[in-house]
Amino acid sequence: MPLSPSAMPDTHDVSTTPTPAGSDLAPAANVPSDEEMWDIVEHHLVRYGGSFAPMLIERARGSYLYDRQGRKILDFTSGQMCATLGHNHPDVVQAIPKACEDVLHLFSGMLSPAVIELADALCQLLPPTLQKDLFLNTGSEANEAALRMAKLHTGGFEVVGLSASWHGMTAGASASTFVSARKGYGPTIPGNLALPTPNCYRCPIRHCQDQCDMTCLDVGFDLVDSQSVGAYAALIVEPVLSAGGWSCLPRATFSGCRATAKSGACC
Ligand SMILES: Cc1ncc(COP(=O)(O)O)c(C=O)c1O
Numbered sequence: 000m001p002l003s004p005s006a007m008p009d010t011h012d013v014s015t016t017p018t019p020a021g022s023d024l025a026p027a028a029n030v031p032s033d034e035e036m037w038d039i040v041e042h043h044l045v046r047y048g049g050s051f052a053p054m055l056i057e058r059a060r061g062s063y064l065y066d067r068q069g070r071k072i073l074d075f076t077s078g079q080m081c082a083t084l085g086h087n088h089p090d091v092v093q094a095i096p097k098a099c100e101d102v103l104h105l106f107s108g109m110l111s112p113a114v115i116e117l118a119d120a121l122c123q124l125l126p127p128t129l130q131k132d133l134f135l136n137t138g139s140e141a142n143e144a145a146l147r148m149a150k151l152h153t154g155g156f157e158v159v160g161l162s163a164s165w166h167g168m169t170a171g172a173s174a175s176t177f178v179s180a181r182k183g184y185g186p187t188i189p190g191n192l193a194l195p196t197p198n199c200y201r202c203p204i205r206h207c208q209d210q211c212d213m214t215c216l217d218v219g220f221d222l223v224d225s226q227s228v229g230a231y232a233a234l235i236v237e238p239v240l241s242a243g244g245w246s247c248l249p250r251a252t253f254s255g256c257r258a259t260a261k262s263g264a265c266c
């Protein structure tokens with residue numbers, strides 16, 4: 000079911016949260032110190048996109064984190080940057096034990112009522128043109144599947160992505176990611192083309208700051224077209240560019256992209 004925002008006060012204070020029955024908040028005698036924990040990190044953990052934040056988070060609620068010393072930290076990401084649900088949302092906390100009691104994991108050819116209910120609830124939030132769900136584990140997988148569907152449907156293979164985009168770490172998703180994480184990994188999948196990101200704050204062509212006329216999109220599509228071999232499959236666009244600087248695309252971006260795609264101006 001969709002998360003109910005009212006169940007998630009931003010100021011939710013962990014100190015007022017009832018302690019789960021049976022839990023013991025007193026530190027156990029054999030718990031490693033921070034120094035010992037960082038030593039384990041150094042020896043046994045591989046970083047993701049950069050170094051780890053220099054504190055150990057023991058608890059989290061809403062927009063706040065609590066380190067091992069009980070320091071309360073306002074977390075501006077409140078989760079992975081593209082899934083800012085807030086920490087330990089009560090609806091999520093409630094759903095996890097229910098799944099553990101009902102059914103937790105099935106072969107992908109089998110369905111449980113919970114999955115069907117989720118599909119129905121999600122589609123009620125979506126427009127009539129988006130009425131099919133495919134539940135996967137990560138954002139990278141979702142983008143990977145979307146790109147494969149577009150390739151299958153169109154017969155093409157070229158993917159156009161924004162220059163400030165981040166789509167994930169798997170092969171197809173990272174090939175269409177242009178904001179970072181490209182250097183050092185060798186050739187990417189052929190056919191990925193970058194379109195300048197419309198950004199009123201940092202206009203890519205410095206031409207129409209504060210009076211955007213979408214010249215960047217026109218110039219960008221011309222540039223993409225000159226590199227294309229005429230086998231477009233998809234244009235992949237995040238409405239809010241998270242890793243690319245938390246910028247919201249101007250509304251005209253979407254109408255501009257749609258008009259270009261529909262007119263076949265890119266070919
Ligand atoms: C906008 C966006 N798309 C895709 C992804 C990839 O998601 P995941 O890390 O779940 O594979 C991320 C990850 O942060 C993201 O920010």
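Using numbering that gives the first Met the number 0, you'd call the opening residue of the sequence shown number 0 and step up by one each time. We put the beta carbon where it would ideally sit given N, CA and C, even for glycine. Small disclaimer: the values here were computed from a predicted structure and weren't measured.
DSSP places Gly-160 inside the beta strand (DSSP E), whose first and last residues are 157-161. Counting every other CB atom within 10 Å of its CB across the protein chains shown gives Phe-106 a total below 16, marking it as exposed.
Judged by DSSP in its simplified three-state form, Leu-192 adopts strand. Approximately 5 Å separates the beta-carbon atoms of Ser-162 and Ala-193; this is inside 8 Å, confirming the contact. Within the same chain, and ignoring the five residues on either side of Val-218 in sequence, the residues whose Cβ sits closer than 8 Å to its Cβ are Pro-195 and Ile-204.
In this structure, the C-beta of Ala-242 approaches ligand 1 to less than 7 Å from one of its heavy atoms. Annotation for Ile-72: the continuous beta strand (DSSP E) segment containing it runs 71-73.
Looking at the DSSP output, Leu-234 bridges to Val-159.
Assigned with DSSP and collapsed to three states, Ile-95 falls in helix. Non-local C-beta neighbours of Asp-66 in its own chain, meaning closer than 7 Å and more than five positions away in sequence, comprise Met-54, Leu-55, Ile-56, Glu-57 and Ile-72, ordered along the chain. Taking the Cβ atoms as the reference, Val-178 lies roughly 5 Å from Ala-242, within the contact range of under 8 Å. When rounded, the separation of the alpha-carbon atoms in Ser-139 and Glu-100 is 29 Å.
One thing to note: Ala-260 has its Cβ within 8 Å of the Cβ of Leu-234.
The beta-bridge partner set that DSSP reports for Ile-56 consists of Asp-66.
Taking 8 Å as the cut-off, the Cβ atoms of Pro-249 and Cys-202 do not count as close. Assignment of Val-239 by DSSP, reduced to helix, strand and coil, places it in the strand class.
Of the heavy atoms belonging to ligand 1, none sits nearer than 7 Å to the Cβ of Cys-247. In this structure, Asp-74 is the residue among Cys-247, Asp-74, Leu-216 and Arg-257 with its C-alpha nearest to the C-alpha of Ala-59.
Rounded to the nearest whole angstrom, the CA to CA distance from Gly-61 to Lys-97 is 21 Å. Around the beta carbon of Trp-165, a 10 Å sphere encloses 16 or more other beta carbons of the protein chains shown; the residue is thus reported as buried. Relative to the non-hydrogen atoms of ligand 1, the Cβ of Asn-198 never comes closer than 7 Å to any of them. The Cβ neighbour count for Gly-255, taken over all protein chains shown within 10 Å, is at least 16; the residue is labelled buried. Take the alpha-carbon of Arg-257 and the one of Ala-174: they are about 23 Å apart. Each of Glu-157, Val-45 and Met-109 was checked against the Cα of Gly-229, and the nearest Cα belongs to Glu-157.
DSSP places Ile-39 in the uninterrupted alpha helix (DSSP H) bounded by 33-43.
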